[in-house]
């Protein structure tokens, strides 16, 4: 027995070692099933915004998500892998996650009392940026006349939420890579609008400008920046271009900063809600509205609802006057709407302090208003583009603009044009879907808005409305948390395809400048 002692020790060690190995393998499979991060993310800490858990990140190559958001295993296939790599040629994106000190939603974890405040950023940016779900209308609820919002797919989305929504869509992109050398583009996951929102108007210029300066110092020190000086980088700045191009102390209210005025930012491709059409330096993309579909079927159903909506009003307006008559066109619109005969104009007057503000932030009231009118008036507000213009498209209402810089043709060129129609017949004229009225003619009394709009026949109105309804898919953002069912390109898909086309040209050595119409122009080619 004593002579065999070493042999028994060896047997025991083998048994214990096998048990430990089994536990380790079991833990690894369990860990991957809970946290299916791509391999390049396993080495870094990623702070996930509220309501975005690991299920919504792109799965590893041998893992796929089922329809319920769960995880199913599939056998790896070398031919399939080669095909996937071929489909990603020229489409690889490296996601540059930012350090914790530049992250805007680190406090948004389950438990803190911040979620008790409905206006806290963690609540506003919940559900991966979509915001709180719009609850189903109570049975027999008559508080909102003409309410047609369905019970699913609709959220109280904040107008500045695109940075978060876009980031979460990028996390599901099928051609992410951890190899910077293989990437065609670098997506910078910084939220400049949310950072700016932390500083109230009237704060010092130093307070508003130092954070973006510090961020740009960090960004330009990264290895990804060195190759092309940031020309292959892109990001979202979810406000108008003017808010990031303030000089000195900013405007008279002390709002905004100089983030996009700095030369480092000028090297990147930046997406804003409104660009300067006279001196373009960024690309405008639509505001997010309230509808975030998870299937093409949902979109088709909503388009049918918009077509069938009863529209008793000739025109509608939602907005407020400006102090001291600084926006005279708004005063004239409100005055004409108030004085118009019954059945001519529907209006949500947002001028009455907090009550007016709350009323005009109700998705049900806004959509009900716009879906009850043939034309929806969109005068400039704090800037030329209004989030209300996108709500108008969503409701199938013909937009009426009062400045060329407010039009989709000038701002949202990627989304305004129907690529499918253009491909069918390149020479076909764009069908009319909007009206432009000179504000000076209205203010100086040469025309009345009602008279202009009444000149359109019923057939012309129906044709224009159909064009607007056909635009809906190109102006909505899909739910970033789920796999979309069906074939439909949304605002993100269109934007992303245009960005990647631009990045491929840059990688090909082209140095792109700006034309007056906003399209890229080749200035030179790298030698």
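Residue numbers (UniProt numbering): 1 to 527. Cβ coordinates follow ideal geometry from the N, Cα and C atoms, glycine included.
Compare the C-alpha of residue i against each of the options and name the closest.
i           : options            : result
residue 367 : 270, 105, 98, 147  : 147
residue 101 : 300, 470, 211      : 211
residue 95  : 188, 128, 391      : 188
residue 205 : 244, 271, 482, 302 : 244
residue 380 : 369, 415, 320      : 320
residue 278 : 384, 114, 440      : 384
residue 323 : 387, 352, 194, 305 : 352
residue 292 : 455, 476, 439, 118 : 476
residue 261 : 216, 465, 156      : 216
residue 185 : 512, 501, 440      : 501
residue 471 : 499, 409, 445      : 409
residue 309 : 149, 512, 440, 191 : 149
residue 106 : 191, 332, 152      : 191
residue 334 : 450, 413, 395, 265 : 450
residue 305 : 153, 264, 395      : 395
residue 255 : 128, 109, 239, 406 : 239
residue 482 : 455, 171, 108      : 171
residue 154 : 113, 130, 97       : 130
residue 461 : 116, 373, 113, 445 : 373
residue 392 : 465, 174, 263      : 465
residue 97  : 457, 178, 174      : 178
residue 358 : 182, 108, 406, 118 : 118
residue 232 : 91, 200, 307       : 91
Just to confirm, is the Cβ distance from residue i to residue j under 7 Å?
i           : j           : result
residue 236 : residue 166 : yes
residue 209 : residue 267 : no
residue 360 : residue 348 : yes
residue 390 : residue 289 : yes
residue 453 : residue 375 : yes
residue 276 : residue 241 : yes
residue 533 : residue 180 : An answer regarding residue 533 cannot be provided, because it is not within the stretch 1 to 527 covered by the chain.
residue 286 : residue 156 : no
residue 280 : residue 514 : yes
residue 378 : residue 387 : no
residue 303 : residue 134 : no
residue 499 : residue 234 : yes
residue 511 : residue 415 : no
residue 473 : residue 168 : no
residue 151 : residue 132 : no
What are the boundary residues of the alpha helix (DSSP H) that residue i is part of?
i           : result
residue 495 : 491-507
residue 348 : From DSSP, residue 348 is part of no alpha helix (DSSP H) but of the beta strand (DSSP E) over 345-349.
residue 264 : 263-267
residue 192 : 192-197
residue 123 : 121-124
residue 211 : 205-220
residue 169 : 162-171
residue 439 : 439-443
residue 458 : 458-475
residue 450 : 449-454
residue 367 : 363-370
residue 292 : Per DSSP, residue 292 belongs to no alpha helix (DSSP H) and is neither H nor E.
residue 130 : That residue, residue 130, is in no alpha helix (DSSP H); it is neither H nor E in DSSP.
Between which two residues does the beta strand (DSSP E) holding residue i run?
i           : result
residue 378 : 373-378
residue 186 : 185-188
residue 235 : 233-236
residue 510 : 510-514
residue 316 : 313-319
residue 342 : Premise fails: residue 342 is in no beta strand (DSSP E) and is neither H nor E.
residue 399 : 398-401
residue 95  : 93-96
Under the assumption that residue i contacts residue j (Cβ atoms under 8 Å), give the Cβ distance between them as a whole number of angstroms.
i           : j           : result
residue 93  : residue 176 : 6 Å
residue 442 : residue 329 : 6 Å
residue 431 : residue 467 : 5 Å
residue 214 : residue 104 : Contact doesn't hold; Cβ gap of about 14 Å is too wide.
residue 492 : residue 478 : 7 Å
Taking only heavy atoms of the ligand ADP into account, decide whether any of them is closer than 6 Å to the Cβ of residue i.
i           : result
residue 204 : This structure simply doesn't include the ligand ADP, nor any ligand for that matter.
Can we say the region 154-173 touches the region 123-131, given the rule of at least three CB pairs closer than 8 Å? With a cut-off of 8 Å on Cβ pairs, the region 154-173 is in contact with the region 123-131, counting three or more such pairs.
Between the region 333-345 and the region 302-321, do three or more beta carbon pairs fall short of 8 Å? They touch, by the three-pair rule.
Under 8 Å: do the region 488-498 and the region 283-300 share three or more Cβ pairs, one atom per stretch? The region 488-498, when compared against the region 283-300, does touch it at the 8 Å Cβ threshold.
Would you call the region 400-413 and the region 435-447 touching, i.e. three or more CB-CB distances under 8 Å? The region 400-413 vs the region 435-447: in contact.
Counting pairs of beta carbons, one from the region 502-513 and one from the region 221-241, are three or more of them closer than 8 Å? These segments touch.
Answer yes if the region 270-283 comes into contact with the region 196-205, meaning at least three C-beta pairs across the two stretches below 8 Å, and no otherwise. They do not touch, by the three-pair rule.
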